[in-house]
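Numbering (this note's numbering), first residue to last: 1067 to 1511.
Written out below as structure tokens is the structure these notes cover.
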Ligand code: 2IT
């Protein structure tokens, strides 16, 4: 029998100074501990110890030269967390906040998320404390080249397939892939999120945001409710927010906020024109990491240094970074009448915020379910690369939609409580866990 408190105390002792990893592990262990305790095969196999320990942690030095000719040193990582159900799969994050603990939490979450997609992908995450903000294109290229010169020996199209995450978009994937190809003389799907001319999949850039909206659509329909006319707040202004904003419009809802490290934009008319969507891409590509210019361009309000959660909305979609929505934000959203919270960033809400939403019976979707569309289309990119062909937009989007519907159905199956409330956290964790755990038993050790 596992006891939650003693298991977590040991895990914490074993992984000191990794608060985000412990936060992610606590949430999963809390959801699955009864399932594990009721199954002697899981108990005998020491499944909790095995599933919370990464298969492999790789760290390496990344040396590169900046535009002044000065030498710079960063740290690179790849956490190969679990490959029971398929090759390691997960993004690379370039952000100054990146630590070993951050990437361990992301790799751990990725394992269950990838399991939920129904595609055969294991979980991994990697990246660096490299800050892309203010860097020139050439500096980014030199950094990516050095990073891949170390990483290439640990990855491969059937071994480990990285992709983008915060700070790693099409440009970075291009430079990384270019260096891999130079060294390996290989045009394989070793990375996903590739450009459309060289093996990338249609809809991959939109996939995380589209997927989150498809998931939200399922949540709303399960309540005999509709997306039409809903007011939505979104945080962030990158790839994920961009996809979410576009799909929300298509579904008849209205997104009224985006945000950056500098503050948030409140656009009560709605971020619902092609011009505004294209401008979001421009803002991101500028590498300045600010949203304020949007306000001047479209006559919207800019609120400096604050988060968008103070705007009254029906639905909230955190789309930026972990722990971006805390208890105070949750209380504000609830007092302003929010009905659905769809975590689109990985672990975007603090534990206290999630508990508050659930205590108030607000429907809350965790990131590992709601944002799985990104990695799902990465999986579809791998399929297309293996077949050496390219699917149409409709084909990819249709499959993405179906995958999100399946994930929602799994959450309903495992997460519906006796009073009818759907605990999506519990649902996603149990459904994601069972498949990985059963596979680990079948494969032995
Ligand atoms: O958090 C995520 O799921 C991602 N950054 C996407 C990973 C991927 O392999 O596409």
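Note that CB positions come from ideal geometry on N, CA and C, so glycine has one too.
Contacting residues, own chain, Cβ-Cβ under 6 Å from residue 1392 (five flanking each side not counted): 1416, 1419
By how many angstroms is the C-alpha of residue 1432 removed from the C-alpha of residue 1261? 29 Å
Just tell me which of 1455, 1487, 1117 has its CA closest to the CA of residue 1427. 1487
Could you check whether the Cβ of residue 1229 sits closer than 7 Å to any heavy atom belonging to the ligand 2IT? yes
Runs of alpha helix (DSSP H) wholly within the stretch 1081-1128 (minimum 4 residues, chain order): 1085-1103, 1106-1110, 1113-1117
Tell me where the alpha helix (DSSP H) around residue 1452 begins and ends. 1438-1453
Straight-line gap, residue 1214 to residue 1438 (C-alpha atoms, nearest Å): 25 Å
For my contact list, residue 1353 and residue 1240 are in at a C-beta cut-off of 8 Å; report their separation, rounded to the angstrom. Their Cβ separation, rounded to whole angstroms, is 15 Å, which puts residue 1353 and residue 1240 out of contact at 8 Å.
With distances taken between CB atoms, is the gap from residue 1321 to residue 1334 smaller than 8 Å? no
Other residues of its chain near residue 1389: CB distance less than 6 Å, five sequence neighbours each side excluded: 1416
Close Cβ partners of residue 1117 (< 8 Å) along its chain, the five nearest in sequence each way excluded: 1148, 1177, 1499, 1502, 1503, 1506
Coil, strand or helix - residue 1428 by DSSP: coil
Excluding the 5 residues flanking residue 1013 on each side, which residues of the same chain have their C-beta closer than 6 Å to its C-beta? This structure cannot speak to residue 1013, because the chain is shown only from 1067 to 1511.
Can residue 1269 and residue 1459 be called in contact, C-beta distance under 8 Å? yes
Spatial distance of residue 1112 from residue 1072 (CA atoms): 15 Å
Within 10 angstroms of its Cβ, does residue 1452 collect 16 or more other Cβ (buried), or is it exposed? exposed
On the DSSP letters alone, give me the boundaries of the beta strand (DSSP E) that residue 1143 sits inside. 1137-1148
Using only the heavy atoms of the ligand 2IT, determine whether one of them is closer than 7 Å to the beta carbon of residue 1441. yes
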